[in-house]
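Student: Take this structure, written in structure tokens, and hold onto it; I'll ask about it next.
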Amino acid sequence: MENTAGTAGGELRLLADLVADGEVVVLSGAGLSTESGIPDYRGETGRRRPAHPMTYQEFTGSEAARRRYWARGHLGWRHMAAVRPNAGHRAVAELQRRGLLAGIITQNVDGLQQAAGADGVIELHGALDRVVCLECGARSPRAALEARLRAANPGFEARAEAINPDGDAVLQDAAVEEFRLVGCERCGGPLKPDVVFFGENVPPARVRDCYALTEGAGAMLVLGSSLTVLSGYRFVRHAARHGVPVAIVNRGATRGDADALVRVDAPLGATLTALLDELGRLDEPGRLDEPGPPGTGRLGGPARLGAPGR
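The sequence shown runs 1 to 310 under full-length UniProt numbering.
Below is the structure:
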């Protein structure tokens, strides 16, 4: 498998040719948001970072686990609410604006793709800016919950040591123990972020929508995902089985490399901006490099492109 450095040359043209035909389904992962300052779980090696994500079984089975999650999440939310879309998010939104996309499936829960201007995004794993009651199922905005948590925990000033990809801050146990939870305003039940936790199933209707979108696609473009988790990888396999060409842009190897017609190992923002240039339809040169306003975060073998030796 040939490796070449940079994003110039025939490999980028192959990617542009796939996208130019239209009806492309984008499948994005955490790597698309790292340039916005949100770390991913695995990095370029594909190995899981030390952070231990909360599982669904832990969250639902233990009030102490929920207290730990919400104490960390309460402080981490300040960071998540402040992040903004990057050039990669804006490039995807621009591809949609030009009519080249059939749809967007994101594995991310940060809302940045929508904040960049994309419409109709399927949030495979839900969204951090909503909460759901585990008893009555009522949904409400995360911002309203954060205001209630601030009121219930005046002076809560534990210092966050780091921010994890699911919006958690790293806290000492003593700080967690003093944190006061609040319940559902409708029934008083425990609240959960409206995201799919590890160990929890993606809603079946959402999965069916993704399969249907994949089957009718002209191509699938995977952005910033190692595809290690089956919830996203299954759509790449589904595309391959239905003869839908797959292109992957990711830092490091992915589980779906064998199914990829084009494989790009390079930074997402620069690569997608170069893709727009290659397509030759930039209406507003330089717009993708402009930062958004504060608070906009919604929070044969394959051709390869990337660093030598990968």
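Just so it is clear, CB atoms sit at the ideal spot from N, CA and C, and this is done for glycine as well.
For G232, which three-state DSSP category applies?
Tutor: helix
Student: Going along the chain, which residues of its own chain have a beta-carbon closer than 6 Å to the beta-carbon of T228, five neighbours each way excluded?
Tutor: R255
Student: Could you give the distance in angstroms between the alpha-carbon of C187 and the alpha-carbon of V131?
Tutor: 14 Å
Student: Cβ of N108 less than 8 Å from any chain D Cβ?
Tutor: Protein chain content of the structure displayed is limited to a single chain, and chain D is not contained in it.
Student: If you follow the beta strand (DSSP E) that C133 is part of, which residue opens it and which one closes it?
Tutor: 126 to 133
Student: Thinking just about the alpha-carbon of each residue, which of V195, H79, G117, R90 is nearest to the one in C133?
Tutor: V195
Student: For A152, I'd like the list of residues in its chain whose CB is within less than 6 Å of its CB, leaving aside the five on either flank, ordered along the chain.
Tutor: R180, V182
Student: How would you call A205, buried or exposed, if buried means at least 16 neighbouring beta carbons within 10 angstroms?
Tutor: When all chains shown are included, A205 counts as exposed.
Student: In terms of residues, what are the limits of the alpha helix (DSSP H) holding G269?
Tutor: 268 to 279
Student: If you reduce the DSSP assignment to three classes, tell me which class S36 lands in.
Tutor: helix
Student: Quick check on the DSSP output: the alpha helix (DSSP H) that includes G61 runs from which residue to which?
Tutor: 56 to 61
Student: Please classify G199: does DSSP put it in a helix, a strand, or coil?
Tutor: coil
Student: Please name the residue, chosen from D257, F235, L275, that lies closest to L27 on a Cα-to-Cα basis.
Tutor: The shortest C-alpha separation from L27 is found at F235.
Student: Tell whether a beta-carbon distance below 8 Å holds between A249 and M220.
Tutor: It should be noted that the sequence gives Val, not Ala, for residue 249. No.
Student: Use the C-beta contact count for Q172: other C-beta atoms within 10 angstroms, 16 or more gives buried, fewer gives exposed.
Tutor: exposed
Student: Return yes when the Cβ of I105 is within less than 8 Å of the Cβ of A118, no when it is not.
Tutor: No.
Student: Are the CB atoms of A20 and L279 nearer to each other than 8 Å?
Tutor: yes
Student: Bridge partners for M220 per DSSP, in chain order?
Tutor: For M220, which the question treats as bridged, DSSP gives the partners V25, V246.
Student: Tell me which residues share the same chain as D277 and place their Cβ nearer than 6 Å to its Cβ, disregarding the 5 neighbours each side in the sequence.
Tutor: Contacts found: none.
Student: Taking the continuous beta strand (DSSP E) assigned at T254, which residues delimit it?
Tutor: First-last for T254: undefined, no H or E at that position.
Student: Give me the residue from S226, H125, V83 with the minimum Cα distance to G199.
Tutor: Ranking the options by Cα distance to G199, first place goes to H125.
Student: How should H74 be labelled, buried or exposed, when 16 other C-beta atoms within 10 angstroms of its C-beta is the threshold for buried?
Tutor: buried
Student: Look up V264 in the DSSP assignment and say whether it is helix, strand or coil.
Tutor: strand
Student: For the beta strand (DSSP E) containing P204, list its first residue and its last residue.
Tutor: DSSP places P204 outside any beta strand (DSSP E); the residue lies instead in the alpha helix (DSSP H), whose first and last residues are 204 to 215.
Student: So E11 and V264 are in contact, right, with Cβ under 8 Å, and what is the actual spacing, rounded?
Tutor: 7 Å
Student: Pick helix, strand or coil for Q138, following the three-state DSSP scheme.
Tutor: Checking the sequence, you will find Ala at residue 138 rather than Gln. Residue state, collapsed to three classes: coil.
Student: Can you tell me where the beta strand (DSSP E) with D103 in it begins and where it stops?
Tutor: Reading off the sequence shown, one finds Gly at residue 103, where the question assumed Asp. Run containing G103: 101 to 106, per the beta strand (DSSP E) assignment.
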